[in-house]
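*Asks:*
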Amino acid sequence: MKTALITGITGQDGSYLAEFLLKKKYHVFGLERRTSKRNRESIEHLIDKVELLSGDLLDAESITRALKQSKPDEVYNLASQSFIPDSWRQPVYTGEATGLGVTRMLEAVREFDPNIKFYQASTSEMFGKVRATPQNEGTPFHPRSPYGVAKLYGHWITINYRESYGMFAVSGILFNHESPRRGLEFVTRKITHTAAKIKLGLAKELRLGNTSAERDWGFAGDYVEAMWLMLQQEKPQDYVIASGETHSVEDFVQATFKYLKLDPKKYVKIDKKFFRPAETDYLRGDAGKARRELGWKPKVGFEKLVQMMVDADLAALSSSKISK
Ligand code: NAP
Ligand code: G4F
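Residue numbers for the sequence shown follow the working numbering, so the first one is 1225 and each next one is one higher.
(1) When you compare only the Cα positions, how much space is there between G1396 and S1304?
(2) Just to confirm the assignment, what range does the alpha helix (DSSP H) spanning H1366 have?
(3) On a CA-only basis, which of Y1343, A1437, T1416 is nearest V1299? Give me that one, please.
(4) Let me check understanding here. Comparing Cα to Cα, which of A1242, M1451, L1281, L1426 lies closest to Q1461?
(5) If you draw a straight line from the C-alpha of W1312 to the C-alpha of P1370, how long is it?
(6) Which residue's Cα is closest to the Cα of F1526: R1355, R1368, G1378, H1471?
(7) Drop a sphere of 10 angstroms on the beta-carbon of E1349, count the other beta-carbons inside from all chains shown, and report buried for 16 or more, exposed for fewer.
(8) Out of curiosity, what's the CA-to-CA distance linking M1533 and L1484?
(9) Compute the beta-carbon to beta-carbon distance between H1429 and F1307, rounded to the nearest angstrom, for a pair I have assumed lies under 8 Å.
(10) Whole angstroms is fine: what's the gap from V1411's alpha carbon to A1345's?
(11) Quick one: what's R1439 bridged to in DSSP?
(12) Touch check for the region 1353 to 1369 and the region 1383 to 1391: three-plus C-beta pairs under 8 Å?
(13) When burial is assigned at 16 or more other CB atoms within 10 Å of the CB, is R1406 buried or exposed?
(14) For E1474 and T1347, I'd like the C-alpha separation in whole angstroms.
(15) Here's the rule: buried if 16 or more other CB atoms are within 10 angstroms of the residue's CB, otherwise exposed. What is M1454?
(16) Using a threshold of 7 Å, state whether the C-beta atoms of K1226 and Y1250 are closer than that.
What follows is the structure, encoded as structure tokens:
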């Protein structure tokens, strides 16, 4: 039986990855922050199946303690301050958690057991103001947010530990991936959740920022498999994981409202408050290397993703409406 330690287990990807690894018969440990309000909604159904350890990427000792307690074969470093607008409001904190946090993880792994395989959650936000389309592993980076800059540091320090110490440390450069467990502040879930509320008479409008921005969206459940596959290879390498399709935020709105048989013109308002100081206008990934070498490809397409998220929001909101 293999053992894995997942940082960020309470997040969207952490919960899907924990489920995936449990199906593969892993012993799963998760690093969880002590926060004023416990955030276990996405892993409530897994609480008896995983072991939660207290820790924070800002606290090196807590990471070392978690490694000693779990003795993992594989570490998946998914924890980060991942909401881009907050990275302008808290740039130093974002650098600490999303950037330096990776070094704390790598250094703790190196000192405890350098044979542990390490996965770093890199991101398409590192491409930012894109220099070529589609973006692949060779495309130059130009991050457009403090978050993107911090992630780029995490990306390069992972490569540096691989090259300096021969560690099996890899980065998955994942393009946007969504699900019914996506945080409500991210645009896809904000759209499906608010539109479902409108449908049920619980909201009157949906306020959005830049609806011209274009993203390469996939389903989180498909993308966690790629993380695992990267750690099963002979050689440590970085991979782009993407759907290869681009849609605008406006397309996402249209697909959601069409599915709910609502007219978006009646409800969607543009609000300057949600525009960013600098924007990543367009992303489209080329996951050809992952397809060839990992045998990975996405299963859930754009329309299916939208419908899955809308259905889940409608069901959850309807049941909470009934219980009130
Ligand atoms: P998410 O839902 O925002 O989850 C982030 C997780 O990190 C949460 O469990 C959070 O814990 C934890 N965390 C935050 N700060 C921490 C700290 N200082 N110490 C320990 N844990 C901390 O993110 P996600 O969508 O699952 O994404 C997973 C990872 O992939 C992130 O690193 C993200 O930046 C990256 N990524 C995501 C996407 C995407 O489209 N989803 C694409 C590329 C890369 P709490 O519950 O305590 O807040
Ligand atoms: O859903 P978003 O907040 O995702 P964003 O900024 O692309 O970041 C996500 O994907 C990255 C991978 O590329 C991850 F690394 C990162 O951790 C995160 O998971 O915004 C998507 C687009 C942006 O262009 C934004 O300006 O939607 C636009 N948008 C328009 N109105 C909005 C809104 N975004 C949000 N969050 N809220 C709005 O009201």
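Note that CB positions come from ideal geometry on N, CA and C, so glycine has one too.
*Replies:* With the given structure in hand:
(1) 14 Å
(2) Here H1366 belongs to no alpha helix (DSSP H), and DSSP marks it neither H nor E.
(3) Y1343
(4) M1451
(5) 6 Å
(6) H1471
(7) buried
(8) 12 Å
(9) Correcting the residue identity first, residue 1429 is Glu in this sequence and not His. Actually they do not touch by this definition, with Cβ atoms about 22 Å apart.
(10) 20 Å
(11) H1471
(12) no
(13) buried
(14) 22 Å
(15) buried
(16) yes
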